[in-house]
Amino acid sequence: MRKIILFFLVIITMLPAALYAQGITVTGTIKDVEGVLPGATVYEKGIPSNLVITGSTGKFKLTLKGQSNTLVITFIGYSTQEFHVGARKNDLDIILQPNAEGLDEVAVVGFTKSKRVTSTGAVSSIQAAEIRTVPTANVQNALAGRLPGFFSQQTSGQPGKDASDFFIRGVSSLNASNQPLILVDDIEYTYDQLQQINVNEIESISILKDASSTAIYGIKGANGVLIVTTRRGKKGAPQFNLRVEGGLQSPTKVPKFLNSYQSATLVDEAETNDGVAPDALTFQPSDLAAFKNNSDPYGHPNTDWYNEIFRKYTYQANTNLDISGGNDRVKYFISGGAFTQNGNTKNFNDPQDLVNTNYYFTRYDFRSNLDLKANKTLDLRLDVTTRFGDLNTPGLNTPISTIYDFKTENPFSAPFINPNGTYAYNNSVFNTSKEPTLNAQLANGGYQHNRRTDFNVLIGGVQNLSSITDGLTLTARVAFASSEDYGIHTTYLAGNPNVTFPTYYYNSATKTYTKNPAAPYVVQQFQIFGGTDLYTNNTNIQLFSNYDRTFGDNHFTGLFLVNQQEINDQASAPQNYRGLSLKVGYDYKQKYLLEVNSAYNGTDRFAAGHQFGFFPAFGAGYVLSKEKFFKDALPTFSLFKLRFSYGVVGSDGAPGNQYIYQQTYNQGGLYGFGETAPQTPITGIFEGTLGNPDVVWERDRKADLGVDMNLLHDKLSVTFDVFHDLRYDEFIIPGAIPEVLGVGVPYINAGRVSNHGYDGQISYHDNIGKVQYNASLVISYAKNKILYEEETQPAYPNLARTGNPINQPFGYHFLNYYTQAQINQATAYINKYGSNAPLLQNGKVIASDPIGVPAYADSQNGITTLHAGDLRYADLNGDGVIDANDQKAIGYPNLPNTSAGLTLGAAYKGFSISVLFQGSWNYSVIITGNGIEPFESQFQPIDLKAWTPATAATAQFPRLSTNFSGTVDSPSGYPSDYWYINAWYLRVKTIDIGYQLPTKLLPFHVNNARIYFSAYNLFTWDNFSNKYQQDPEVASNTAGDQYINARVINLGVQLGF
Amino acid sequence: MMKNYKIILLLVGAVSLVTACKKYETFPIAQITIDRVFDPRDSLGTNAYAFLENVYATMLNGHNRVGGDYLDAATDDAVSSAASSSNQVTQLSTDAYNSGTFADGAGDNVWANYYSGIRQANIFIANIGVVPVEATLPKHPGISMKYAWKNEARFLRAYFYFELVKRYGGVPLLGDKVYNVTDNLALPRNTFSDCINYIVSECNAIKGDSILQAPYASTANYGRVTNAAVLALKAKVLLYAASPLFNGTTLVKDAGTGQGPRNTTNAAIVGYPSADPNRWQLAASAAQDVINLGVFSLDQNGFQDIFLTQNNPELIFIRQGDNGYNVESNNGPIGFPSAVSKGVTSPTQNLVNAFPMISGLNINDPNGHYNPDSPYARRDPRLLYTVFVNGQQWLNTNLQLYQGGQSIPNSGVQQTISGYYLHKFMGHSEALNSYAAHSEDWVIFRYAEMLLDYAEAENEAVGPNAADYQVLKTIRGRAGIAAGSDGNYGIQSLSSITQDSLRSAIHNERRIEFAFEEQRFFDLRRWKVAPAYMDQQRLGLQLISNGQLTYNYVPILPAIFKINSFTPKQYLQPIPYGEVVKNPQMQQNPGW
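Protein chains in written order, with the numbering used here: chain A, 5 to 1061; chain B, 78 to 669.
And the structure:
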């Protein structure tokens, strides 16, 4: 800052005195897409000394002196804009466009801030204003595709539970603990707490990726750090901001199921495949005809359960009000918000009993951030936040998973409702459990309700110690973050839905009703049972000192931190952390940059003597663009910086969060003496898994090489990093300890995983006439590889996990559908030699080229359980049997290793549009069980393409069988590359189109008004819709019957006054 | 300015105060550590005793132990009703497995279980000394009960080693050492001779006063190790050591080299390289020691009663089981809605044919008057308590064991594939409508076995004599076989019987007396007679009821399984694949 002021002073003194002063006075308001911008600098082009700073309402008044008739508006975080003053001179509206890549752009890093021009670490950040209108409840959902190095997966769209999982630069740990450290105003939050935060309260978000930026977090930094900074008040009159939004949610993918006629036809096809005689088929021609022409809607129902149960659109609304302002002594930011999301099922509950069994989520947020100037050198702050959440889910089955479940719902099992208005139960040969229909369950099944309260307080003070030495401050903070989640579950007296409420079967031939034999005649008493109470609280005490001073060309910064933290929850012993961190930075003329970071911190998760670790890192930068030779050669570069960082960071995420260093003795193993019957055995005690007193944290050696470039007058900026991380000392259970040891082996620090990749961002902004436009491409790639996990040498090399990525799926390799000729060949082989016959006898091959058959298929007599049209897999070890030894690594892990986002924006006067395309590549998805397997799942369109002798050449699905899940074709029993999809997707992730009304049109004291349309997950393209009907981010290796991710289209209005 | 320092000092003070007050939790207090298990202040020894109970619990309960089947379903006595290529006993029976096939506890892989037991026993032995147990031995009031406990742990450890040795040959002996992960665990296998000597010396060391003396002093002690159990273990170990498989082993030559890694097994590891007939004498006198205790006798309440009445005079050592009817639910005849069963075990016709007539004569003996149209009439009474046959009373019904009958409905549910169901070990549900709970203790040593062990060893050592001949008569007499006019229970007279004939008689007597007691699987191997029996077709009965009964005997093992398949490598079980991979010192067994 000092330099900038100096710069201005120099320019002012050098200015020629003889300039025309035209004396035109210009007034107006500086805004961004969100609203007014207090603190922006407005000066006259050519006369930088003629400047004003906008007040809290964004207004300015400037008298022009020169002849350019042009204003220049600058503000950190926004593109500098020139505005030509034409005929209109008053009530001008000038709207700035955000630009995160300016030279002086600052990112919040640990306990301080870092400028783009002098940073040596790999840090990406975003101003929350850019994502404030994204219609999603969770801040992490809005970050996908916007930050290089950020990977996320949103596996559910359920209101209140739709937050994405996210990782920074992929995953490196063989254990579950790959989650980044989350800090909100320097206080650690959990994933759960983060998703409760209202984006309206957030100023900026940064992610720290390399050793140089994460080392000060020491034992907790190895998975990267996500830093959220909340908004604070600015000096000026109170500024009110109100935003009201309403939106419609709809599923990103609507699953289609076959109707009764199609399903019944396929049932017959499967039964025929199984050898059922034509006259014994479940559905005879008369049944099929009845289904086809719908002549018997109760005896032969054709119920479209999905459309009967689910809405096409559901409502969500979001309202925020914030007030900020202040004076020399006090500054404040106060915000309140209400967010509500409705669920996707129709309302079936009895209007009289007021029991809401639908999904919904409501959240209220309140935040008050106060800054007090106690005196000239002491600043105090008090931040208080509370959040209340209400989460409702249906009490019985999850509707989507029930819809998929063939054994519960299928189109011919029941009418939606009986002719006399009573509920039906599912009654067919495939629904022997006679469950009530889904609408009956939703009407009477009660609800689960969770109420959540979050409460956070932060009290702190900053003492300016310039009396000791200039640039020195001392900060103390005490923060308390807690949350409690209390859940209750209500339903009727008996838990089993079959016997809970009366349902009837209507016989259309005799026109009689039969009550479900197990059910009562009347609905029983409504009761509350089962409660859960989860809480967590986190007390954090920090004391740190910052130093920042320039001596001529030498600029020093420093940070010394002491902190302590205690985390409690309802289930575990308290976790304690304590540590010291030190950071020293130096730069010479902003040309040569050096930073050393370190932490000495520890946790009580490990044995005394092994609790504290030292984590050092350094970063260095070289700003070539400050060199004369570079300027001469490539004058278009305003910034060209190379930086490199290297260091070691830790992760204490012990598996199961247990005290793994400790040897325990457990109770179990009943045994008793004596001859009394029944005997009363006593509970034995036995030695549990050995402890390893030497166990310590995992370490991550991170190396990062990056380049930052700004060129074409800062219009184009590029940041690109390549990294190579090595996670070592990972917790693994050694696989090479012989069993003669006689007891479970403890974790040791020995695993090694490498993780390398790149991430970067290219941004460009410019204008064509009065149309400003910008584009930004973000790309992230991270690929890991298990180098060592001490696995037991597998029997066959294709089974080895080492060398593959973490969570690599294994499965069979699909060759083709068995032909009848191959079945015959295999049968002949087995009948001749027996399935267990060795291929070699006395060194001679006795059976050449056997057709590999699944291990189960040769039960009873020959391979009667295998048929033409079943999936044939490669017999990798050539033993004639397909079994677990024939599996190999197939596809990719489920977490994508490549992710990209492209933001395109344009603005013209008050109009603006911004679109984010986001996509992920290189991940694998498999759907199993109810999601795809016939007779487990309702019939889906792809089942029509099943293998039959006639369609063998074009089949896209194995032969149907009533026992599909028990055959070699089952994706759950025999995962293979037939079922694993190497997937990609591309989405129009978010879109924002708005119009800011001219200020002069605004009535009363309104100084800003914007109406906008925004959307989330608007369009999706992926490569597996022809096989699976799921959203591309669905959790792999499941039935894929989670609450479907939502597409949201949203209208909003924002007012400032 | 000074005022600010005060405020800051106050803040710093507050922070450091809060910091100073926090005590780090250095260990989680809720967990049991070893000094609470073996507690010098615990005069009752409560936790130490609980630890010992868990060592006992390591013993395997043989009821439906192997993948839900009896181990005997891997012999010629039975097949699993679930016989398929993924069925474990069927794999064992037909050589369809290898060292990597069976995970811990699957198949007959007991390696990890018993090494775990050995470790637990060693921990107990090493630590029990500090516990001041006040209780004393009933017959030796001066001796603290903890010495008995310690010897019980030593017995169990020796028993665990025997269970390993009879399957694998010589195994690594760990002594009293409780190993840690940091110790060298690449232990070589000890020789067979070392292992036998170790087990025997342990038995000799603990058989004295500081252990409970048989018979049980109180019913509360039923199930605990006594001096008799120690002697019985020693007798059995020596019997195995004297048997042809181990006594002068030719296994390495017979089985040849296999495909497994480090298949260079030393002959001394899998048995005694040279035969010594005197080992039979040692076995005989060890069995004689048990008999000479004079505290056991055959249960004269009948064959069935042995397994149902606890603490009957025949039981030497048992593994405690539930009080229930799991045996019935797993193995009983199917088709009873009030007493559901899985009918897992299908005893073979081969076994049925091994039971003599009530006269003691073989069914092929023309003087036995065996009637093929009424094959179960006038048979050894043990037959009908070993298997269920058609028409036998059960659950207030005459069993329908013909095709399409109540218990062989051929309706797709699992049913016997041999035409017989297992009856042994079951309670008295003949005249009940549902199963009644009963003791399901698993018998490890019983007096009848000591008698037959003695007879076998004595016959091998010195040939037929009055003592070993008498054993057979005693066993048969208790079984209910008629003594006959010559009082020889159908056996050739002592004066004319040869050593070979008596051996055959003893072998067959073991088969029918101990069916489903996990004897035959090992007996066939240690006698080195497995090919003669295991290579025969497993036959079953296909009974057709068509006004009259037609008895058809058919092969029951699905055609895909190899018969004529017994290979010499199967005499011993393979060392688990992982153990050989992890330990460069670990030699695989011949042929695996």
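By construction, the Cβ of each residue, glycine as well, lies at the ideal position given by its N, Cα and C atoms.
Residue i, DSSP secondary structure in three states
i: serine 264/A; result: helix
i: glycine 655/B; result: helix
i: asparagine 261/B; result: coil
i: arginine 196/B; result: helix
i: cysteine 98/B; result: Model confidence at cysteine 98/B stands at a pLDDT of 47, short of 50, so the residue's coordinates are unreliable and nothing is read from them.
i: serine 4/A; result: Because chain A is modelled from 5 through 1061, residue 4/A falls outside the range shown and cannot be assessed.
i: glutamine 377/B; result: coil
i: glutamine 168/B; result: helix
i: serine 471/A; result: coil
i: glutamate 507/B; result: coil
i: methionine 663/B; result: coil
i: proline 842/A; result: The predicted model places proline 842/A with a pLDDT of 48, which falls under 50 and marks its position as unreliable, so this point remains unresolved.
Below-8 Å beta-carbon distance, residue i vs any chain B residue
i: phenylalanine 968/A; result: no
i: threonine 540/A; result: no
i: proline 742/A; result: yes
i: threonine 668/A; result: yes
i: leucine 875/A; result: no
i: leucine 870/A; result: no
i: glycine 149/A; result: no
CB contact below 8 Å: residue i versus chain A
i: valine 114/B; result: yes
i: arginine 301/B; result: yes
i: asparagine 298/B; result: yes
i: asparagine 671/B; result: This structure leaves residue 671/B out entirely; chain B is present only between 78 and 669.
i: histidine 109/B; result: First, the residue type needs correcting, since residue 109/B is isoleucine and not histidine in the sequence shown. True, the Cβ-Cβ gap to chain A drops below 8 Å.
Contacts that residue i makes with chain A (C-beta to C-beta distance below 8 Å)
i: asparagine 131/B; result: Gly672, Gly673, Tyr675, Gly688, Ile689 and Phe690
i: glutamine 613/B; result: Within chain A, no residue comes near glutamine 613/B; the closest Cβ sits about 16 Å away, beyond 8 Å.
i: glutamine 397/B; result: Tyr675, Gly676, Phe677, Gln683 and Pro685
Contact list for residue i against chain B, beta-carbon separation under 7 Å
i: alanine 799/A; result: Gly177 and Tyr654
i: valine 749/A; result: Val258
i: glycine 884/A; result: Result: empty, since nearest Cβ-Cβ is about 12 Å, beyond 7 Å.
i: glycine 32/A; result: Those do not exist, as glycine 32/A stays about 42 Å from chain B at its closest Cβ, beyond 7 Å.
Any non-hydrogen atom of the ligand NAP within 7 Å of residue i CB
i: asparagine 388/B; result: Absence of the ligand NAP is noted for the structure shown, with no ligands found whatsoever.
Listed by chain order, chain A residues near residue i by CB distance under 7 Å
i: valine 658/B; result: Thr796 and Gln797
i: proline 249/B; result: Val744
Proximal residues of chain B, C-beta to C-beta of residue i below 9 Å
i: glycine 174/A; result: Ordered by position in chain B, no residue passes the 9 Å Cβ test against glycine 174/A, which lies about 31 Å from the chain.
Interface residues of chain B facing residue i [CB-CB closer than 8 Å]
i: leucine 694/A; result: Asn257 and Val258
Under 9 Å by beta carbon: chain A residues contacting residue i
i: tryptophan 188/B; result: Glu743 and Val744
- Is it true that the stretch 1026 to 1035 of chain A meets the stretch 292 to 310 of chain A, where meeting means three or more beta-carbon pairs spaced less than 8 Å apart? Output reads no: the stretch 292 to 310 of chain A does not touch the stretch 1026 to 1035 of chain A.
- What are the residues of the stretch 193 to 221 of chain B that lie near chain A, defined by any Cβ-Cβ distance shorter than 9 Å? Of all residues in the stretch 193 to 221 of chain B, Ser193, Gly194, Ile195, Arg196, Gln197, Asn199 and Ile200 have a Cβ within less than 9 Å of some Cβ in chain A.
- Task: Taking only beta carbons into account, state which residues of the stretch 269 to 281 of chain A come closer than 7 Å to chain B, listed in chain order.
- Result: Listed by position, the residues of the stretch 269 to 281 of chain A near chain B (Cβ gap below 7 Å) amount to none.
- Message: Short of 8 Å Cβ to Cβ, which residues in the stretch 187 to 207 of chain A face chain B?
- Response: Under the 8 Å Cβ criterion, the stretch 187 to 207 of chain A contributes no residue.
- Item | Three CB pairs or more closer than 8 Å across the stretch 141 to 158 of chain A and the stretch 200 to 214 of chain A | Touching, per the Cβ criterion.
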